[in-house]
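Trainee:
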Amino acid sequence: MSTKDIREMSEAEIEKKLRETRDAHVNLRMRKQTGQVEQPHEFTNMRREIARLETILKEKKLAAATA
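The opening position of the sequence shown corresponds to residue 107 in the numbering used here, with each subsequent residue numbered one higher.
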């Protein structure tokens, strides 16, 4: 998901997507422990996606607080 797409989402939608991504990251970590991960680059992609979501969510909350 691109930054542009995330910026168009509402705060509630971003929080929901963040929760889903974190759950998927936990599941991926569990699959790694059992040796079932075929694409280890997904760890990096998920961490970046989580960081992107958190950053934009924080920006939106700060903008709402100052407005």
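For glycine and all other residues, C-beta sits at the position ideal for the given N, C-alpha and C. These numbers come from a predicted model, not from an experiment.
1. Closest by CA to E114, which one among K166, T172, A157 and A130?
2. Smallest Cα separation from R158: which of L124, P146 and N133?
3. Throw me the rounded Cβ distance for the L163 and E117 pair, which I believe falls under 8 Å.
4. At what residues does the alpha helix (DSSP H) containing V132 begin and finish?
5. Alpha carbon to alpha carbon, how far is F149 from Q139?
Mentor: From the atom records:
1. Taking the sequence shown and counting its residues from 1, the one referred to as residue 114 is at position 8. The shortest C-alpha separation from E114 is found at K166.
2. Here residue 158 is taken as the residue at index 52 of the sequence shown, counted from 1. Selected option, being the one with the closest Cα: L124.
3. Here residue 163 corresponds to residue number 57 of the sequence shown, with the count starting at 1. Here residue 117 corresponds to residue number 11 of the sequence shown, with the count starting at 1. Indeed they touch by this definition, with Cβ atoms about 6 Å apart.
4. Stepping through the sequence shown from its first residue, residue 132 is reached at position 26. E117 to Q139 is the extent of the alpha helix (DSSP H) around V132.
5. Translated into positions along the sequence shown, residue 149 becomes position 43. Translated into positions along the sequence shown, residue 139 becomes position 33. Distance between the alpha carbons of F149 and Q139 is about 13 Å.
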